[in-house]
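First comes the structure, then the notes that go with it.
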Amino acid sequence: MILHLLNRSPVTSRVIDDALAAMGPDDQMLLIEDGVLGGLPAQAVPFKNLAGRLFALREDLLSRGLLERCGEHVTIIDVRGFVALTEEADKTVSWY
Amino acid sequence: MILHLLNRSPVTSRVIDDALAAMGPDDQMLLIEDGVLGGLPAQAVPFKNLAGRLFALREDLLSRGLLERCGEHVTIIDVRGFVALTEEADKTVSWY
Amino acid sequence: MSGQEIREPEASESDSVVDNSTTTGDLLVILRHAPHGSSWLREGLDTALVAAAFGQQVTLLFAGEGVLALLTGQTAGPLGQKGTHGVIDMLAMYDIDTLMVDGRALKSRGLCTDDLMLPVTLVEGDGVVSLLHGHRLVLNF
Amino acid sequence: MSGQEIREPEASESDSVVDNSTTTGDLLVILRHAPHGSSWLREGLDTALVAAAFGQQVTLLFAGEGVLALLTGQTAGPLGQKGTHGVIDMLAMYDIDTLMVDGRALKSRGLCTDDLMLPVTLVEGDGVVSLLHGHRLVLNF
Amino acid sequence: MRYALLVQGGPYSSQASHSALRFARAVIERGHSLATVFFYHDGVYNAARLAAPPQDEPHLGDGWRLLHDEHGTELLVCIAAGLRRGLLDEREAARHGKEGHSLEAPFELTGLGQLVEAGFSHDRLITFSP
Amino acid sequence: MRYALLVQGGPYSSQASHSALRFARAVIERGHSLATVFFYHDGVYNAARLAAPPQDEPHLGDGWRLLHDEHGTELLVCIAAGLRRGLLDEREAARHGKEGHSLEAPFELTGLGQLVEAGFSHDRLITFSP
Numbered sequence: 485m486i487l488h489l490l491n492r493s494p495v496t497s498r499v500i501d502d503a504l505a506a507m508g509p510d511d512q513m514l515l516i517e518d519g520v521l522g523g524l525p526a527q528a529v530p531f532k533n534l535a536g537r538l539f540a541l542r543e544d545l546l547s548r549g550l551l552e553r554c555g556e557h558v559t560i561i562d563v564r565g566f567v568a569l570t571e572e573a574d575k576t577v578s579w580y
Numbered sequence: 485m486i487l488h489l490l491n492r493s494p495v496t497s498r499v500i501d502d503a504l505a506a507m508g509p510d511d512q513m514l515l516i517e518d519g520v521l522g523g524l525p526a527q528a529v530p531f532k533n534l535a536g537r538l539f540a541l542r543e544d545l546l547s548r549g550l551l552e553r554c555g556e557h558v559t560i561i562d563v564r565g566f567v568a569l570t571e572e573a574d575k576t577v578s579w580y
Numbered sequence: 307m308s309g310q311e312i313r314e315p316e317a318s319e320s321d322s323v324v325d326n327s328t329t330t331g332d333l334l335v336i337l338r339h340a341p342h343g344s345s346w347l348r349e350g351l352d353t354a355l356v357a358a359a360f361g362q363q364v365t366l367l368f369a370g371e372g373v374l375a376l377l378t379g380q381t382a383g384p385l386g387q388k389g390t391h392g393v394i395d396m397l398a399m400y401d402i403d404t405l406m407v408d409g410r411a412l413k414s415r416g417l418c419t420d421d422l423m424l425p426v427t428l429v430e431g432d433g434v435v436s437l438l439h440g441h442r443l444v445l446n447f
Numbered sequence: 307m308s309g310q311e312i313r314e315p316e317a318s319e320s321d322s323v324v325d326n327s328t329t330t331g332d333l334l335v336i337l338r339h340a341p342h343g344s345s346w347l348r349e350g351l352d353t354a355l356v357a358a359a360f361g362q363q364v365t366l367l368f369a370g371e372g373v374l375a376l377l378t379g380q381t382a383g384p385l386g387q388k389g390t391h392g393v394i395d396m397l398a399m400y401d402i403d404t405l406m407v408d409g410r411a412l413k414s415r416g417l418c419t420d421d422l423m424l425p426v427t428l429v430e431g432d433g434v435v436s437l438l439h440g441h442r443l444v445l446n447f
Numbered sequence: 117m118r119y120a121l122l123v124q125g126g127p128y129s130s131q132a133s134h135s136a137l138r139f140a141r142a143v144i145e146r147g148h149s150l151a152t153v154f155f156y157h158d159g160v161y162n163a164a165r166l167a168a169p170p171q172d173e174p175h176l177g178d179g180w181r182l183l184h185d186e187h188g189t190e191l192l193v194c195i196a197a198g199l200r201r202g203l204l205d206e207r208e209a210a211r212h213g214k215e216g217h218s219l220e221a222p223f224e225l226t227g228l229g230q231l232v233e234a235g236f237s238h239d240r241l242i243t244f245s246p
Numbered sequence: 117m118r119y120a121l122l123v124q125g126g127p128y129s130s131q132a133s134h135s136a137l138r139f140a141r142a143v144i145e146r147g148h149s150l151a152t153v154f155f156y157h158d159g160v161y162n163a164a165r166l167a168a169p170p171q172d173e174p175h176l177g178d179g180w181r182l183l184h185d186e187h188g189t190e191l192l193v194c195i196a197a198g199l200r201r202g203l204l205d206e207r208e209a210a211r212h213g214k215e216g217h218s219l220e221a222p223f224e225l226t227g228l229g230q231l232v233e234a235g236f237s238h239d240r241l242i243t244f245s246p
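Chains as they are written, first to last, in the numbering used here: chain D, 485 to 580; chain F, 485 to 580; chain L, 307 to 447; chain W, 307 to 447; chain Y, 117 to 246; chain S, 117 to 246.
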């Protein structure tokens with residue numbers, strides 16, 4: 485399993501297309517920094533194939549006022565959970 | 485007349501949408517740096533309303549090997565022509 | 307230019323309107339970046355505050371990710387980064403009260419004016435074009 | 307890691323193939339940035355050269371704007387910036403001969419393998435997924 | 117005409133500084149005055165006095181200094197953006213109790229007000245960003 | 117496990133450095149070793165010794181130094197990326213005939229080979245980019 489980190493908003497950057505195209509069926513994705521905008525319900529569509537495999541970083545959601553606005557398509561984890569994901573993953577690839 | 489500078493590739497960045505939406509009917513656009521990729525014929529569509537008002541910087545096309553590959557939708561100017569455009573424009577706005 | 311560290315979420319009373327007239331002024335600052343992710347938003351806001359302090363008439367246009375600058379419920383970052391919501395709170399003190407928001411940017415993120423900290427004026431269609439032409443200087447952050 | 311400053315355009319003899327097998331190795335370097343616009347491409351290529359010099363088996367994947375790194379006819383910049391085409395010429399000397407190109411990135415820019423300086427292997431569909439899984443380490447530039 | 121430039125890209129990280137310097141020279145070639153360059157955001161790194169780029173690449177700092185020496189161009193660095201990024205002249209270093217300095221003349225640390233001033237007192241302001 | 121981080125964003129310009137430092141602390145809290153942080157691209161600016169951020173904001177340089185002092189984390193700065201951006205230790209400054217220095221221990225200028233080495237000799241390498 486590869487963990488993919490995405491730190492760009494899916495609304496303004498097209499790097500999300502490259503990241504999604506590079507993901508295998510067991511790979512996971514964590515949204516961090518500006519990427520947590522992908523946690524808004526209105527942004528769920530591009531991630532529709534990632535059910536159960538899409539995470540968003542709690543600290544970055546909180547500071548942006550997005551924590552209470554998150555959709556059901558993402559699982560919220562904190563930075564310790566982030567480390568735990570990297571423990572489980574064979575490798576981590578960052579998209580920016 | 486406002487001169488709009490765009491330095492991002494229209495293939496990878498969505499800032500082109502904001503730039504185009506901000507352009508009045510007499511405004512001009514100059515593609516520089518990574519923006520000159522918009523000079524490729526395959527990238528002409530988003531610029532279809534800018535006939536005669538779309539320019540690309542010769543020096544940036546040349547260094548990227550794109551000078552001979554440019555389409556008819558752009559007018560090629562060098563850096564002195566760039567200065568001339570800023571002379572004519574009331575103001576210049578940079579999109580990045 | 308420091309501000310409060312934590313701001314509780316609150317439903318803002320929205321009295322925003324759609325702008326069909328032409329807003330003019332000395333300086334238009336376009337804010338296209340989100341809080342916390344980079345320093346662009348902070349630097350754009352600082353430029354606006356300084357211009358206002360110098361007596362220039364300043365208009366802010368929140369576009370793209372910049373609309374997130376106005377979202378209720380923002381806090382400091384996990385290492386204590388201040389964020390920009392404190393600066394937003396200070397705009398009125400600097401007589402910056404022309405806050406324009408790109409309606410398309412808000413809508414494409416599934417947000418509405420009730421999500422915002424302050425009353426704003428929505429800009430639709432060619433409104434952005436008029437804003438750019440109506441100001442002597444435009445700075446894009 | 308210096309290279310020739312000017313390279314004349316030439317029609318490259320294309321013997322590229324579409325990759326349906328799995329390419330494996332130690333390090334996959336993904337290059338997603340164009341020459342001249344930023345230092346990302348240069349820094350990614352330098353990392354690949356160093357890894358190869360250390361005896362690691364390196365694969366390059368040109369994706370997104372990175373496909374422009376391979377375009378024929380690149381020159382130095384107007385102030386004498388070296389660009390990266392000289393480094394591309396040196397890849398073979400470092401035994402980096404697995405050059406993969408995202409076919410979708412090439413096509414969306416209206417380019418084909420005849421536009422490229424070197425023979426490459428096109429990657430389509432799930433080929434990128436296999437590449438990422440087939441290498442011990444992936445660095446994304 | 118009197119031109120001002122706003123440079124916001126770091127040298128060697130993005131092309132912005134190269135583009136700005138090239139544009140600056142063309143402004144002068146066309147008979148204008150290049151009165152002011154204001155460095156903001158990562159553009160402030162253009163003023164790093166210890167920059168040591170490879171000898172076969174353009175030295176941006178020297179390029180800016182030459183503009184100042186030959187054409188009197190003001191090289192203004194935003195003090196707030198500079199301090200947090202480690203660009204201090206001797207005076208600011210002393211004020212912050214640090215030894216040594218990383219920025220020196222003809223670059224000048226100055227307030228953001230100078231950018232606003234440049235925008236309104238020059239005929240043209242052109243921005244180069246990363 | 118032994119972790120290495122690759123930091124490529126400039127401090128205060130993008131969140132990358134803050135994210136990396138926060139992640140670094142969590143790695144240690146979970147009982148791992150944070151053996152190496154490699155600074156590349158604009159990440160090298162994290163090592164600027166004169167950085168003077170406002171007192172009410174986190175000081176990233178101090179944060180990295182604390183990691184080194186308390187946990188022995190190596191702070192490696194790519195020498196090629198650093199030199200062109202003006203980050204020189206005393207030895208490199210002397211070699212380039214410049215007075216003063218802009219980088220000092222515990223940050224170390226080192227070759228790009230150390231990044232490759234870090235990638236293969238640690239259990240995990242996590243990249244934080246702008």
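Glycine is no exception: its CB is placed at the ideal position from the N, C-alpha and C atoms. These figures come from a predicted structure and were not determined experimentally.
Q: Take V426/W as the anchor and find which of H439/W, L412/W, V435/W has the nearest alpha-carbon.
A: Translated into the one-based positions of the fourth sequence, residue 426/W becomes position 120. Ranking H439/W, L412/W, V435/W by Cα distance to V426/W puts L412/W first.
Is the region 429–442 of chain W touching the region 132–141 of chain Y, taking contact as three or more C-beta pairs under 8 Å? Output reads no: the region 132–141 of chain Y does not touch the region 429–442 of chain W.
Tell me, please, whether the region 340–357 of chain W touches the region 123–130 of chain Y by the rule of three or more beta-carbon pairs shorter than 8 Å.
-> Taking a contact to require three or more Cβ pairs closer than 8 Å, the region 340–357 of chain W and the region 123–130 of chain Y qualify as touching.
| said: Threshold first: 3 residues or longer. Then list the beta strand (DSSP E) segments lying entirely within the region 505–535 of chain D, N to C. | reply: List check, beta strand (DSSP E) in window: 512–515.
Tell me whether H342/L sits in a helix, a strand or coil according to DSSP, three-state version. Here residue 342/L refers to the residue found at position 36 of the third sequence. Residue state, collapsed to three classes: coil.
May I ask you to check if the CB of E220/S is nearer than 7 Å to at least one heavy atom of the ligand SAH? Looking for the ligand SAH in the displayed structure turns up nothing, as the structure carries no ligands at all.
**OP:** Out of E543/D, A573/D, V520/D, point me to the one whose CA is closest to S497/D's CA.
**Re:** The residue labelled residue 497/D in the question sits at position 13 within the first sequence. Nearest option by C-alpha distance: V520/D.
- Query: Could you check where the beta strand (DSSP E) with I402/W kicks off and where it finishes?
  - Reply: Along the fourth sequence, read from residue 1 onward, the residue named residue 402/W stands at position 96. No beta strand (DSSP E) holds I402/W; DSSP gives it neither H nor E.
_DSSP has R240/S in a bridge; who is on the other side?_
In the sixth sequence, residue 240/S corresponds to position 124, counting from 1. According to DSSP, which records beta bridges pairwise, R240/S is partnered with Y119/S.
Quick one: complete alpha helix (DSSP H) runs, 4+ long, within the region 204–236 of chain S? Secondary structure in the region 204–236 of chain S: the alpha helix (DSSP H) runs of 4 residues or longer, each lying completely within the stretch, are 206–211 in chain order.
Q) When the Cα atoms are used, what is the spatial distance from V153/Y to S578/F? A) As a first step, residue 153/Y must be located in the fifth sequence, where it is residue number 37. As a first step, residue 578/F must be located in the second sequence, where it is residue number 94. The alpha-carbon atoms of V153/Y and S578/F are separated by roughly 16 Å.
Should G177/S be labelled buried (16 or more other beta-carbon atoms within 10 Å of its own) or exposed?
-> What you label residue 177/S is simply residue 61 of the sixth sequence in a count that begins at 1. Buried, by the Cβ-count rule.
Note to self: Can you pull the chain L neighbours of Y156/Y, defined as C-beta to C-beta under 9 Å?
What the structure shows: Position 40 of the fifth sequence, counted from the first residue, corresponds to residue 156/Y. Going along chain L in sequence order, the residues near Y156/Y (Cβ under 9 Å) are E349, T353.
| said: At 4 residues or longer, what runs of the alpha helix (DSSP H) sit wholly inside the region 348–383 of chain L? | reply: Correct list: empty.
task: Anything in chain B within Cβ reach of M507/D, meaning under 8 Å, just list it in chain order.
output: Included in the structure are the protein chains D, F, L, W, Y and S, with no chain B among them.
Requested in this report: Please report the residue range of the alpha helix (DSSP H) in which A196/Y lies.
Outcome: Mapped onto the fifth sequence, residue 196/Y falls at position 80. That run of the alpha helix (DSSP H) goes 195–200.
Helix, strand or coil for K388/L, going by three-state DSSP, please let me know.
-> Counting from 1 along the third sequence, the entry for residue 388/L is found at position 82. The answer is coil: DSSP assigns K388/L none of H, G, I, E or B.
Query raised in the report: Using a C-beta to C-beta distance shorter than 8 Å, which residues of chain W count as neighbours of P530/F?
Result: Along the second sequence, one-based indexing puts residue 530/F at 46. In chain order: nothing, as chain W lies at least about 13 Å away.
Just to check my reading of the structure: L366/L and L405/L have Cβ atoms closer than 8 Å, yes? What is that Cβ distance to the nearest angstrom? The count along the third sequence starts at 1 and reaches residue 366/L at position 60. The count along the third sequence starts at 1 and reaches residue 405/L at position 99. That pair is a contact at about 5 Å.
- Task: Could you tell me whether the region 192–211 of chain Y touches the region 531–548 of chain F, where touching means 3 or more Cβ pairs closer than 8 Å?
- Result: Fewer than three beta-carbon pairs drawn from the region 192–211 of chain Y and the region 531–548 of chain F are found closer than 8 Å, and the two stretches are therefore not classed as touching.
inquiry  = Classify S237/S: buried if its beta carbon has 16 or more other beta carbons within 10 angstroms, exposed otherwise.
reply    = Along the sixth sequence, one-based indexing puts residue 237/S at 121. Around the Cβ of S237/S, a 10 Å sphere holds fewer than 16 other Cβ atoms; the residue is exposed.
#### Entry: Neighbour-count burial assignment, D239/S, 16 or more Cβ in a 10 Å radius
Taking the first residue of the sixth sequence as 1, we reach residue 239/S at position 123. D239/S sits exposed, since fewer than 16 C-beta atoms from the chains shown fall within 10 Å of its C-beta.
inquiry  = For a contact defined as C-beta to C-beta under 8 Å, what are the partners of T329/W on chain F?
reply    = Indexing the fourth sequence from 1 puts residue 329/W at position 23. The contacting residues do not exist; T329/W stays about 25 Å from chain F at best.
**Report entry** Cα-Cα separation between H187/Y and E220/Y, rounded to whole angstroms
**Finding:** The count along the fifth sequence starts at 1 and reaches residue 187/Y at position 71. The count along the fifth sequence starts at 1 and reaches residue 220/Y at position 104. One C-alpha to the other measures close to 18 Å.
> Just how far apart, CA to CA, sit N491/D and S149/S?
Replying inline: If you number the first sequence from 1, residue 491/D lands on position 7. If you number the sixth sequence from 1, residue 149/S lands on position 33. One C-alpha to the other measures close to 25 Å.
**OP:** Please determine, among L417/L, G433/L, T390/L, F447/L, the residue with the shortest C-alpha to C-alpha distance to E552/D.
**Re:** Locating residue 552/D in the first sequence gives position 68, counting from the first residue. Ranking the options by Cα distance to E552/D, first place goes to L417/L.
**Q.** Spatial distance of E572/F from A398/W (CA atoms)
**A.** Taking the second sequence and counting its residues from 1, one reaches residue 572/F at position 88. Taking the fourth sequence and counting its residues from 1, one reaches residue 398/W at position 92. Approximately 49 Å between the Cα atoms of the pair.
message: Using a Cβ-Cβ distance cut-off of 8 Å, determine whether R370/L contacts chain F.
response: Taking the first residue of the third sequence as 1, we reach residue 370/L at position 64. One point to set straight first is that residue 370/L is Gly, not Arg, in the sequence displayed. Residue-level contact by beta carbon holds for G370/L and chain F, with a gap shorter than 8 Å.
Just confirm the distance between the C-beta atoms of L438/W and L334/W, as a whole number of angstroms; I'd bet it's less than 8 Å. Mapped onto the fourth sequence, residue 438/W falls at position 132. Mapped onto the fourth sequence, residue 334/W falls at position 28. In this structure L438/W touches L334/W by the C-beta definition: roughly 7 Å separates them, less than 8 Å.
Under the three-state reduction of DSSP, which class applies to G126/Y: helix, strand or coil? Within the fifth sequence, the letter at position 10 stands for residue 126/Y. Shown here, G126/Y sits in coil according to DSSP, grouped into three states, outside any helix or strand.
Can you find a C-beta in chain W that's less than 8 Å from the C-beta of R201/Y? The sequence position of residue 201/Y within the fifth sequence is 85, counting from 1. No, because no Cβ of chain W sits closer than 8 Å to the Cβ of R201/Y.
>> Within the continuous alpha helix (DSSP H) that includes A136/S, where are the two ends?
In response: In the sixth sequence, the residue the question calls residue 136/S occupies position 20. Per DSSP, A136/S belongs to the alpha helix (DSSP H) from 132–145.
**Item:** C-beta contact flag for C194/Y and Y161/Y at 8 Å
**Value:** As a working note, residue 194/Y is residue 78 in the fifth sequence. As a working note, residue 161/Y is residue 45 in the fifth sequence. In this structure, Y161/Y does not lie closer than 8 Å to C194/Y by Cβ.
Cα separation between T243/Y and Q124/Y? In the fifth sequence, counting from the first residue as 1, residue 243/Y sits at position 127. In the fifth sequence, counting from the first residue as 1, residue 124/Y sits at position 8. For T243/Y and Q124/Y, the gap between their C-alpha atoms comes out near 8 Å.
- Task: Pick helix, strand or coil for H148/S, following the three-state DSSP scheme.
- Result: In the sixth sequence, the residue the question calls residue 148/S occupies position 32. It is coil, neither helix nor strand.
request  = Please check if any C-beta of chain F sits within less than 8 Å of the C-beta of G409/W.
outcome  = For this step, residue 409/W is matched to residue 103 along the fourth sequence. Residue contact with chain F for G409/W: absent (no Cβ-Cβ distance below 8 Å to any residue of chain F).
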